[in-house]
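Trainee:
Protein chains in written order, with the numbering used here: chain V, 759 to 983; chain B, 5 to 421.
See the structure below:
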């Protein structure tokens with residue numbers, strides 16, 4: 759994937775860059791409004807990660823410029839503004855998704871992957887991971903051509919894991935991804951364990967290798983063995 | 005007691021005493037003057053008699069005319085008790101009735117014989133005059149008091165009207181409201197000054213409040229970026245291999261703390277937004293549908309705590325923001341779960357005018373007044389103590405009422421539409 763990260767906070771930029779680059783993605787950066795405008799004028803990206811409050815200008819203006827240029831770049835807004843209006847405005851201006859700071863990098867990865875998948879394959883919504891193939895549109899999973907029945911939560915979990923393969927994802931990142939941040943789950947994430955256990959069991963029974971690895975205390979890792 | 009009636013009371017009381025005193029003094033003075041005048045008349049009569057006697061060396065005829073009687077009586081020399089004026093009874097023979105009179109007793113020597121002379125004049129006219137004057141005075145007193153009373157009542161009322169107008173506005177003053185206090189025009193300097201002071205004060209308070217709010221808003225906002233940095237650094241950190249169990253636990257604790265901090269910031273921002281009425285997009289929300297959806301959404305949580313839930317839902321739709329409706333129901337539902345017993349129970353009852361969440365709990369009755377306050381929570385609670393404050397703000401925004409009740413060992417939160 760070729761990504762453009764428009765973010766003025768240096769340390770956040772570094773973390774995101776490191777997270778995405780590790781997967782062999784090309785990730786360019788722009789620290790302010792003008793740098794970002796220059797980049798989008800010159801190049802095309804699979805996905806642009808756009809912060810709304812930038813030195814030199816408003817992130818929304820970049821969105822407008824993109825729309826004017828008729829570009830098909832995917833746009834994910836990452837903003838500290840948890841405002842419904844911003845969200846609606848951003849999505850109306852052609853952004854594909856809206857993520858509120860602070861977020862988990864794994865969540866960012868999952869969203870970016872989803873956007874890029876929707877954009878680049880034009881209707882082809884298949885994810886393939888070794889013997890597992892997932893049709894995200896029809897929400898069907900096959901393991902070596904045999905259909906596998908998963909619940910909605912297990913399905914989401916699998917897609918999330920594959921988007922973040924080879925990465926450690928934390929329990930609360932998973933919980934927030936599956937249940938949304940509105941449910942104030944307090945600090946008890948134990949109940950996600952059941953879902954992970956069930957998914958793991960179903961995958962193994964269908965003939966998969968045991969890709970899900972538990973990282974004690976921290977979370978889980980989905981990894982090609 | 006109102007200032008006007010207190011003032012009225014003192015005013016009328018003092019006026020009454022002063023007027024009565026003046027009346028009495030007035031009466032006494034008039035009485036004195038009239039008696040003096042009578043006595044003067046009597047003295048003139050006496051002088052006339054003496055003049056007559058010195059001219060004619062005999063007594064004039066005793067007479068009875070013009071309300072005046074003159075009588076003589078020979079007395080021995082040592083029988084005299086001295087000249088004196090006194091009040092007596094005057095017998096009006098014409099009308100044959102007794103009238104109050106004034107008499108002068110004096111002595112005169114005619115041809116070496118001592119005579120006692122009594123001159124009596126009717127006081128009827130003088131008394132009548134006195135009485136008339138007294139009555140007029142009384143009438144004036146009564147009239148004056150009445151005028152004073154009415155004046156105080158109506159004049160004071162209208163004078164104080166701007167004050168009460170201002171008072172009503174101050175009572176209705178609400179920081180969160182947009183509407184300002186309007187100063188009613190008043191010709192009275194004190195009230196103009198009061199209006200001015202109140203106006204200034206309200207503006208200052210509003211300004212301070214606004215600044216405080218924008219401070220909270222900005223502070224919460226500015227917190228997001230460092231939180232995002234911490235979160236992303238943690239996410240990056242855990243990708244590096246080789247954590248011991250102990251390190252894993254430490255990292256998990258940091259995650260939890262960061263998570264709480266960011267939820268806190270979001271909650272504060274949300275509160276500010278609700279208070280400023282910044283959340284629009286009202287639509288008709290099917291509560292029955294939404295509640296069933298929530299029950300499904302929370303299913304895992306309910307199951308992992310072995311909590312049973314019973315829904316008793318009638319069709320009900322309200323007009324509110326979907327976003328806030330979600331938050332409201334999420335808050336009530338998560339509270340009912342979080343503060344529940346292991347294998348406890350939740351009842352959700354929706355009728356046309358009420359929505360009730362009631363749950364079993366280890367905790368006993370909560371303090372009703374403090375339950376909805378910000379950052380008020382029991383020591384065992386894991387939340388931030390903002391959930392109910394937010395819920396109440398949402399209810400207030402749409403004119404619902406959120407109440408708490410403790411009955412049959414169940415905590416109930418009741419929304420009345």
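Glycine included, every Cβ here is placed at the ideal spot set by N, Cα and C.
In or out: residue 918 of chain V buried (at least 16 other Cβ within 10 Å) or exposed?
Mentor: Buried, since its Cβ has 16 or more Cβ neighbours within 10 Å.
Trainee: In the DSSP output, what is residue 315 of chain B paired with across the bridge?
Mentor: Paired residues: B/352.
Trainee: For residue 220 of chain B, return the contacting residues in chain V, with the cut-off set at a CB-CB distance below 9 angstroms.
Mentor: By Cβ distance, chain V contributes nothing, its closest Cβ being about 14 angstroms from residue 220 of chain B, past 9 angstroms.
Trainee: Let me see if you follow: with CB-CB separation under 9 angstroms, is residue 347 of chain B close to chain V or not?
Mentor: No, residue 347 of chain B does not count as interfacial toward chain V.
Trainee: Can you check which of these residues, B/128, B/324 and B/302, is closest to residue 35 of chain B by C-alpha distance?
Mentor: Among B/128, B/324 and B/302, the Cα nearest to that of residue 35 of chain B is on B/128.
Trainee: Counting only beta-carbon separations shorter than 9 angstroms, does residue 401 of chain B have a partner in chain V?
Mentor: So, not an interface residue.
Trainee: Looking at the structure shown, is residue 64 of chain B part of a helix, part of a strand, or coil, going by DSSP?
Mentor: Note: residue 64 of chain B maps to coil in three-state DSSP.
Trainee: Could you please tell me which residues of the stretch 952–976 of chain V, in chain order, have their CB closer than 9 angstroms to any CB of chain B?
Mentor: Under the 9 angstroms Cβ criterion, the stretch 952–976 of chain V contributes 952, 953, 973, 974, 975 and 976.
Trainee: Check whether the stretch 365–373 of chain B touches the stretch 319–331 of chain B, counting contact only when three or more Cβ pairs, one atom from each stretch, lie closer than 8 angstroms.
Mentor: With a cut-off of 8 angstroms, the stretch 319–331 of chain B and the stretch 365–373 of chain B do not count as touching, because too few Cβ pairs lie within range.
Trainee: Within the 9 angstroms Cβ cut-off, does residue 308 of chain B reach chain V?
Mentor: Output row for residue 308 of chain B: interface = yes.
Trainee: Under 8 angstroms Cβ to Cβ from residue 11 of chain B, same chain only, skipping five residues before and after it: list those, please.
Mentor: Excluding positions up to five away in sequence, the list reads 156 and 160.
Trainee: Out of curiosity, what's the CA-to-CA distance linking residue 245 of chain B and residue 777 of chain V?
Mentor: Distance between the alpha carbons of residue 245 of chain B and residue 777 of chain V: 14 angstroms.
Trainee: Between which two residues does the beta strand (DSSP E) carrying residue 764 of chain V extend?
Mentor: Element bounds for residue 764 of chain V: 760–764.
Trainee: Quick one: what's residue 77 of chain B bridged to in DSSP?
Mentor: According to DSSP, residue 77 of chain B bridges with B/120.
Trainee: Roughly how many angstroms lie between the CA atoms of residue 862 of chain V and residue 411 of chain B, to the nearest whole one?
Mentor: Roughly 42 angstroms separates the two Cα atoms.
Trainee: Counting C-beta neighbours from all protein chains within 10 Å, is the total for residue 107 of chain B 16 or more, i.e. buried, or is it exposed?
Mentor: It is buried - the Cβ of residue 107 of chain B has at least 16 other Cβ atoms within 10 Å.
Trainee: With burial defined as no fewer than 16 other Cβ atoms inside 10 Å of the residue's Cβ, what is the status of residue 166 of chain B: buried or exposed?
Mentor: The residue in question, residue 166 of chain B, is buried, as its Cβ has 16 or more Cβ neighbours within 10 Å.
Trainee: Taking a cut of 7 angstroms between CB atoms, which residues from the stretch 775–800 of chain V lie near chain B?
Mentor: Per Cβ criterion, the list reads 776 and 777.
Trainee: Give the straight-line distance between the Cα atoms of residue 980 of chain V and residue 306 of chain B, rounded to the nearest whole angstrom.
Mentor: Straight-line Cα distance between these residues: approximately 28 angstroms.
Trainee: Would residue 253 of chain B pass as an interface residue toward chain V - the criterion being a Cβ-Cβ separation below 9 angstroms?
Mentor: Yes, because at least one Cβ of chain V sits closer than 9 angstroms to the Cβ of residue 253 of chain B.
Trainee: So, does the stretch 950–959 of chain V touch the stretch 904–917 of chain V, judging by three or more C-beta pairs under 8 angstroms?
Mentor: In short, these stretches touch, since the Cβ pair count reaches three.
Trainee: Between which two residues does the alpha helix (DSSP H) carrying residue 962 of chain V extend?
Mentor: Looking at the DSSP string, the run of the alpha helix (DSSP H) that includes residue 962 of chain V is 950–963.
Trainee: Of all the residues that make up the stretch 809–834 of chain V, which are near chain B by a beta-carbon distance shorter than 7 angstroms?
Mentor: Answer in chain order: no residues at all.
Trainee: Name the DSSP beta bridge partners of residue 415 of chain B, please?
Mentor: Answer is B/363 and B/410.
Trainee: Along chain B, which residues have their Cβ under 8 angstroms away from the Cβ of residue 770 of chain V?
Mentor: Within 8 angstroms Cβ-Cβ: 229, 232, 233 and 236.
Trainee: CB-CB under 7 angstroms to residue 785 of chain V, same chain, minus the five flanking residues each way: which ones, in chain order?
Mentor: The answer, listed in chain order, is 761, 763, 775, 778 and 779.
Trainee: Report yes if the C-beta distance between residue 810 of chain V and residue 844 of chain V is below 9 angstroms; otherwise report no.
Mentor: For residue 810 of chain V and residue 844 of chain V, yes; Cβs fall inside 9 angstroms.
Trainee: Tell me which residues share the same chain as residue 66 of chain B and place their Cβ nearer than 7 angstroms to its Cβ, disregarding the 5 neighbours each side in the sequence.
Mentor: Excluding residues within five positions, the ones whose Cβ falls inside 7 angstroms are 74, 75 and 76.
Trainee: Against residue 930 of chain V, what residues of chain B qualify as contacts under a CB-to-CB distance less than 8 angstroms, listed in chain order?
Mentor: Simply 259, 260 and 263.
Trainee: Is it buried or exposed for residue 978 of chain V, if we count other Cβ within 10 angstroms and need 16 for buried?
Mentor: Result: buried.
Trainee: List the residues of chain B whose Cβ lies closer than 7 angstroms to the Cβ of residue 935 of chain V, in chain order.
Mentor: In chain order: nothing, as chain B lies at least about 13 angstroms away.
Trainee: Have a look at residue 300 of chain B and residue 948 of chain V and give me their C-alpha separation to the nearest angstrom.
Mentor: So the alpha carbons of these two residues sit roughly 18 angstroms apart.
Trainee: So does the stretch 795–805 of chain V actually touch the stretch 267–284 of chain B, counting three or more Cβ pairs closer than 8 angstroms?
Mentor: No: fewer than three Cβ pairs fall under 8 angstroms.
Trainee: List the residues that DSSP assigns as beta-bridge partners of residue 910 of chain V.
Mentor: Per DSSP, none; premise fails for residue 910 of chain V.
Trainee: Would you please verify whether the beta carbon of residue 869 of chain V is less than 9 angstroms from any beta carbon of chain B?
Mentor: No, no contact with chain B.
Trainee: What are the complete alpha helix (DSSP H) segments, minimum 4 residues, inside the stretch 796–860 of chain V?
Mentor: Whole alpha helix (DSSP H) segments, 4+ residues: 817–826 and 842–850.
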